[in-house]
Amino acid sequence: MSFLKKLLKAGERRKGPEEEKSVPDSKIEGQINIRDIQEQLTAATNFPLSELTSTGSGSQNFSIQPVSGFQGILNNINAPHTQFQFPGDFKDPQYIFVQYLYDICVGKGWLKLVDPLEPCVMKKNHKDGSKIHYRYLPPCDNLGEGSFVDLVARYLRAEIAVKVSFPLIHAVLETVRPEDGVIPIDLDHRIQILDSIQEIPFASKYHYCAFIRDEKSFVVWGSTIQQVLTFLNQIEKRLINFVWDAGNAVNEKRTNYIPRVTFVNGLDSSDEETSSAKRNSVRAETEAVSGSTSSEESNSTAEFDIEKQYEERPIFFVHSVIIALAVIVLMAFIGMFVSQLIRIIVTENYWIILVSILYIPVIFLFCGFFATSVVSVFVFILGPVSQLEKNSYSYSVKRSPRLKPKNGVLPHITIQCPVYKEGLSTVLKPTFESVQKAIHTYELQGGSANIFINDDGLQVIPKSDALERIQYYEENGFGYVARPGHNVDGFIRKGRFKKASNMNYCLHISNLVDGKFDEIRGETTSWDPKQESASYLKALELVVQEEGRCWAGGDILLGELILIIDSDTRIPEDCFLDAASEMHACPDVGILQHASGVMMVVNDYWEQMIAWFTELIYFSISYVSASGADTAAFVGHNAFLRWQAIQECAYVDEDDNRVKYWSESHVSEDFEIVFKTWCVRIHSTFGYLS
1 MSFLKKLLKA
11 GERRKGPEEE
21 KSVPDSKIEG
31 QINIRDIQEQ
41 LTAATNFPLS
51 ELTSTGSGSQ
61 NFSIQPVSGF
71 QGILNNINAP
81 HTQFQFPGDF
91 KDPQYIFVQY
101 LYDICVGKGW
111 LKLVDPLEPC
121 VMKKNHKDGS
131 KIHYRYLPPC
141 DNLGEGSFVD
151 LVARYLRAEI
161 AVKVSFPLIH
171 AVLETVRPED
181 GVIPIDLDHR
191 IQILDSIQEI
201 PFASKYHYCA
211 FIRDEKSFVV
221 WGSTIQQVLT
231 FLNQIEKRLI
241 NFVWDAGNAV
251 NEKRTNYIPR
261 VTFVNGLDSS
271 DEETSSAKRN
281 SVRAETEAVS
291 GSTSSEESNS
301 TAEFDIEKQY
311 EERPIFFVHS
321 VIIALAVIVL
331 MAFIGMFVSQ
341 LIRIIVTENY
351 WIILVSILYI
361 PVIFLFCGFF
371 ATSVVSVFVF
381 ILGPVSQLEK
391 NSYSYSVKRS
401 PRLKPKNGVL
411 PHITIQCPVY
421 KEGLSTVLKP
431 TFESVQKAIH
441 TYELQGGSAN
451 IFINDDGLQV
461 IPKSDALERI
471 QYYEENGFGY
481 VARPGHNVDG
491 FIRKGRFKKA
501 SNMNYCLHIS
511 NLVDGKFDEI
521 RGETTSWDPK
531 QESASYLKAL
541 ELVVQEEGRC
551 WAGGDILLGE
561 LILIIDSDTR
571 IPEDCFLDAA
581 SEMHACPDVG
591 ILQHASGVMM
601 VVNDYWEQMI
611 AWFTELIYFS
621 ISYVSASGAD
631 TAAFVGHNAF
641 LRWQAIQECA
651 YVDEDDNRVK
661 YWSESHVSED
671 FEIVFKTWCV
681 RIHSTFGYLS
């Protein structure tokens, strides 16, 4: 479980192949006492945890080593955790990669002002059984706790990381004030500033970069060498433009940046502001985020005007005409039916046939859909289509003016993904990599987001697969909640398809943690990220102990907006800001359903047929929504939900007396919640925003 990462202590450091020296255990602030909760965790989870180890000098290994069981941690709690070894040679491919990256950085002049004796380039090597190895350069025989390599390996878990420093970095940092927490390089790049390298555990991981104020350096991390080098090249050009614009700007305003707390348990949740609406009042002083650079002003093409009121969305009446024509068609059929009855009565004097009139309501009920479909086909062919190119009450095809941080704090977005027994490498990883790219884009634009996985398979799949999943979640900073299996120790997973009850359970745990977190915080408003991190970990520990049967870790708090996706989804890289702007422009919208494409895999006849059918369905939904439907359809995934609107639909389940949001007694919980939101005057919108 993620929050127990902080139980692991740094141990000994090896200075040579034969010489070892023990280092006293050090306790990270906010960590949980493993001895105090041994009995509870053994009974409640009995699940593998992790310990951190590091090895390597020069280009050798900094390792993160999971332990195969809870008892293993107890047996190895006093074992050597930190070791140093001599470097390898150029026969090692991983060493060649690190050397290649280092040589490029030197050649580009990015390491001109970096301490030549301090490691500044590192790369994840490979997993050797239970160990994760890191290589780094330049060589160093005294790699201490709190160093660049140590912090990146333990908290960011990045594949590649580089720390650079050259005159341009110094020039950029000279333009910012001491209280500034972000540098708005341009419209789409707002890069975080850390006061020291020791703040890396609290960095927004999905920025993939950060300025270090005291060292006047710049840290970049990523998943591939090409990604890191490409980003460094691009950011160097943007920094040149920024310094030029800053040097020529007059009375330039700066932007204050208050990051959302990131919880330090090896999980960086990449958040910059508190997610829950309950905590917004605590951070009232951070609401006004004002100012922009001159480059932002020049690049802005569709800036949101705070003086302008919400956009008026027209209501088209094409759908009303369709329904009216469908009713006319039904009345014509019923008229023919009644005329036939009258003819029978007149000719045969058979009055009892009047009982057939009772079928008329049934005819309306069962034939209404078919009449509407027939009329819709003719309207599709002969009717107007201009409404498909215009924003309306339940349809969005044109982006709303984009919000900017200077107009107010961008909403925090939680990506909620229910999963079951899908393959980690074949299904889940490609999905989350897609989400991570979108989070990276949104965070550089000034927003924040976290991933909340509702893992219904974690406690029922084999332990080895479950451990692999947890390690992946922790390495990437994902929050997750997993409930017990069906009929395990009397636990019941309600519902036919279990998705609704899975999400209800995870939302319940999230709300409990949120409440405990607020209780621990009290009325204090001046806590720093370290204190908030310790408070959150304590809240999570208490909830897991009280619940007794769930597994949870990472940042599971909810933001103002929730994006629900399936486990096999790919999302656009730049869609979060458009969705946030749309929800801001339409405050009465509770659900923003995005159109979904079909991901082709084998491109055979059957796959193309299913793709055509899917696109036909979405076109029909879009046409009805654009033509003036009361509310748009919600298909249960690829939709942004306003958390406050979902809370309006909450109900108390009499079986367990818990507050729930999704119906566990209907086959289609998404269809049911649309009616609930519509009944409380909150409608849904169908959009092609990205």
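If you use the UniProt record's numbering, the sequence shown corresponds to residues 1 to 690, in order.
Using N, Cα and C, we set each Cβ at its ideal position, and we do this for glycine too.
Pairwise C-alpha distance: Trp-221 and Lys-123:
As a working note, residue 123 is residue 123 in the sequence shown. As a working note, residue 221 is residue 221 in the sequence shown. Our two residues, Lys-123 and Trp-221, have alpha carbons roughly 10 Å apart in a direct line.
Quick check: the Cα distance between Ser-276 and Asp-656, rounded to an integer number of angstroms?
To locate residue 276, count along the sequence shown from 1; it is residue 276. To locate residue 656, count along the sequence shown from 1; it is residue 656. Low per-residue confidence applies at Ser-276: pLDDT is 41, beneath 50, and the placement is therefore not dependable enough to give any value.
The alpha helix (DSSP H) enclosing Ser-578, as first and last residue numbers:
For this step, residue 578 is matched to residue 578 along the sequence shown. Ser is not the amino acid found at residue 578; the sequence shown has Asp there. First-last of the alpha helix (DSSP H) with Asp-578: 576 to 585.
Exposed unless 16 or more other CB atoms sit within 10 angstroms - verdict on Thr-677:
Your numbering for residue 677 matches position 677 in the sequence shown. Note on Thr-677: 16 or more other CB atoms within 10 angstroms of its CB, so buried under the neighbour-count rule.
If you draw a straight line from the C-alpha of residue 691 to the C-alpha of Val-355, how long is it?
Lying outside 1 to 690, the shown extent of the chain, residue 691 is not represented and no answer is given.
If you reduce the DSSP assignment to three classes, tell me which class Gly-477 lands in.
The residue given as residue 477 occupies position 477 in the sequence shown. Gly-477: coil per DSSP, three-state reduction.
Within a Cβ cutoff of 6 Å, which residues of the same chain sit near Ala-466, ignoring the five residues on either side of it in sequence?
On the sequence shown, residue 466 is found 466 positions in, with the first residue counted as 1. These residues qualify, in order along the chain: Leu-458.
Rounded C-alpha distance that separates Ile-96 from Phe-242:
The sequence position of residue 96 within the sequence shown is 96, counting from 1. The sequence position of residue 242 within the sequence shown is 242, counting from 1. C-alpha separation (whole angstroms): 35 Å.
Length of the line joining the Cα atoms of Gly-559 and Phe-613:
Looking up residue 559 in the sequence shown gives position 559. Looking up residue 613 in the sequence shown gives position 613. The alpha-carbon of Gly-559 is positioned some 34 Å away from that of Phe-613.
Looking at the structure shown, is Ile-334 part of a helix, part of a strand, or coil, going by DSSP?
The residue you call residue 334 lines up with position 334 of the sequence shown. Three-state DSSP puts Ile-334 in a helix.
Opposite Cys-209 in the DSSP bridges: which residues?
Stepping through the sequence shown from its first residue, residue 209 is reached at position 209. Partner(s): Val-220.
When you compare only the Cα positions, how much space is there between Ile-28 and Ile-212?
Residue 28 sits at position 28 when you count from the first residue of the sequence shown. Residue 212 sits at position 212 when you count from the first residue of the sequence shown. Because Ile-28 sits at a pLDDT of 32, beneath the cut-off of 50, its placement in the model cannot be relied upon, and the following sentence gives the value as read from the coordinates. So the two alpha carbons sit approximately 22 Å from each other.
Taking the straight line between their C-alpha atoms, what separation do you get for Ser-510 and Glu-179?
Sequence index remark: in the sequence shown, residue 510 carries index 510 (1-based). Sequence index remark: in the sequence shown, residue 179 carries index 179 (1-based). So the alpha carbons of these two residues sit roughly 32 Å apart.
Considering only their Cβ atoms, is the gap separating Asp-186 from Leu-444 smaller than 7 Å?
As a first step, residue 444 is located in the sequence shown; it is residue number 444 there, counting from the start. As a first step, residue 186 is located in the sequence shown; it is residue number 186 there, counting from the start. By the CB criterion at 7 Å, Leu-444 and Asp-186 fall outside the cutoff.
What are the boundary residues of the alpha helix (DSSP H) that Ile-617 is part of?
Walking along the sequence shown from the start, residue 617 turns up at place 617. From DSSP, the alpha helix (DSSP H) with Ile-617 extends over 605 to 626.
Cβ-Cβ distance between Leu-561 and Pro-411 below 7 Å:
Here residue 561 refers to the residue found at position 561 when the sequence shown is read from its first residue. Here residue 411 refers to the residue found at position 411 when the sequence shown is read from its first residue. Result yes, Cβ atoms of Leu-561 and Pro-411 sit closer than 7 Å.
Just mark Leu-143 as buried or exposed, buried being the case when its beta carbon has 16 or more other beta carbons within 10 Å.
If you number the sequence shown from 1, residue 143 lands on position 143. With a 10 Å radius around the Cβ and a threshold of 16 neighbouring Cβ atoms, Leu-143 comes out buried.
Can you tell me where the alpha helix (DSSP H) holding Ala-633 begins and where it ends?
As a first step, residue 633 must be located in the sequence shown, where it is residue number 633. DSSP places Ala-633 in no alpha helix (DSSP H); its state is neither H nor E.
Locate the beta strand (DSSP E) running through Tyr-651, then write down its first and last residues.
Residue 651 sits at position 651 when you count from the first residue of the sequence shown. Residues 651 to 653.
Buried or exposed by the 16-neighbour rule on C-beta atoms within 10 Å, applied to Leu-168:
Within the sequence shown, residue 168 is the residue found at index 168, counting from 1. Under this definition Leu-168 is a buried residue.
Please confirm if the region 381 to 400 is in contact with the region 620 to 635, defined as three or more CB-CB distances below 8 Å between the two stretches.
Yes, the region 381 to 400 touches the region 620 to 635.
Arg-533 to Phe-478, Cα distance in whole Å?
Along the sequence shown, one-based indexing puts residue 533 at 533. Along the sequence shown, one-based indexing puts residue 478 at 478. Note on identity: in this sequence residue 533 is Ser, with Arg being the wrong assignment. Phe-478 has its alpha-carbon roughly 15 Å from the corresponding atom of Ser-533.
Determine the contact status of Leu-563 and Ile-415, defining contact as a CB-CB distance below 7 Å.
Counting from one through the sequence shown, the residue named residue 563 turns up at place 563. Counting from one through the sequence shown, the residue named residue 415 turns up at place 415. Closer than 7 Å, so yes.
Following the continuous beta strand (DSSP E) through Pro-418, name the residue where it begins and the one where it ends.
Position 418 of the sequence shown, counted from the first residue, corresponds to residue 418. According to the DSSP assignment, Pro-418 belongs to the beta strand (DSSP E) that extends over 412 to 419.
Measuring straight from C-alpha to C-alpha, what distance separates Asn-454 and Ile-225?
By 1-based counting over the sequence shown, the position of residue 454 is 454. By 1-based counting over the sequence shown, the position of residue 225 is 225. C-alpha separation (whole angstroms): 32 Å.
Return helix, strand or coil for Asp-186, following the three-state DSSP convention.
Numbered from its first residue, the sequence shown carries residue 186 at position 186. DSSP places Asp-186 in strand when its eight states are reduced to three.
What are the uninterrupted segments assigned as alpha helix (DSSP H) that are 4 or more residues long and contained completely in the region 468 to 541, given in chain order?
Within the region 468 to 541, the alpha helix (DSSP H) runs of at least 4 residues that lie entirely inside it are, in chain order, 499 to 521.
Please state the DSSP three-state secondary structure of Asn-450.
For the purposes of this step, residue 450 is taken as the residue at position 450 of the sequence shown. It is a strand residue.
Simplified DSSP assignment, three categories, for Arg-154:
In the sequence shown, counting from the first residue as 1, residue 154 sits at position 154. In the structure shown, Arg-154 sits in a helix (DSSP, three-state: H, G or I).
Buried versus exposed, by CB contacts within 10 Å (16 or more), Ile-352
On the sequence shown, residue 352 is found 352 positions in, with the first residue counted as 1. Exposed, by the Cβ-count rule.
For Ser-684, does the three-state DSSP call read helix, strand or coil?
Here the question's residue 684 lines up with position 684 in the sequence shown. DSSP places Ser-684 within a strand segment (E or B) once states are collapsed to three.
How would you call Asp-245, buried or exposed, if buried means at least 16 neighbouring beta carbons within 10 angstroms?
Locating residue 245 in the sequence shown gives position 245, where the first residue counts as 1. With 16 or more Cβ atoms within 10 Å of its Cβ, Asp-245 is classed as buried.
Please name the residue or residues paired with Met-122 in a DSSP beta bridge.
Here residue 122 is taken as the residue at index 122 of the sequence shown, counted from 1. In the DSSP assignment, Met-122 is bridged to Tyr-136, Ala-161.
Going by beta-carbon coordinates alone, are Phe-576 and Tyr-688 separated by less than 7 Å?
Taking the first residue of the sequence shown as 1, we reach residue 576 at position 576. Taking the first residue of the sequence shown as 1, we reach residue 688 at position 688. With respect to the 7 Å criterion, Phe-576 and Tyr-688 are not classified as neighbours on the basis of their beta carbons.
Assuming Leu-561 is part of the beta strand (DSSP E), what are its boundary residues?
Residue 561 sits at position 561 when you count from the first residue of the sequence shown. Bounds of the beta strand (DSSP E) holding Leu-561 are 561 to 564.
From Asn-349 to Val-338, what distance separates their C-alpha atoms?
Numbered from 1 along the sequence shown, position 349 holds the residue referred to as residue 349. Numbered from 1 along the sequence shown, position 338 holds the residue referred to as residue 338. Going by the C-alpha atoms only, they are around 15 Å apart.
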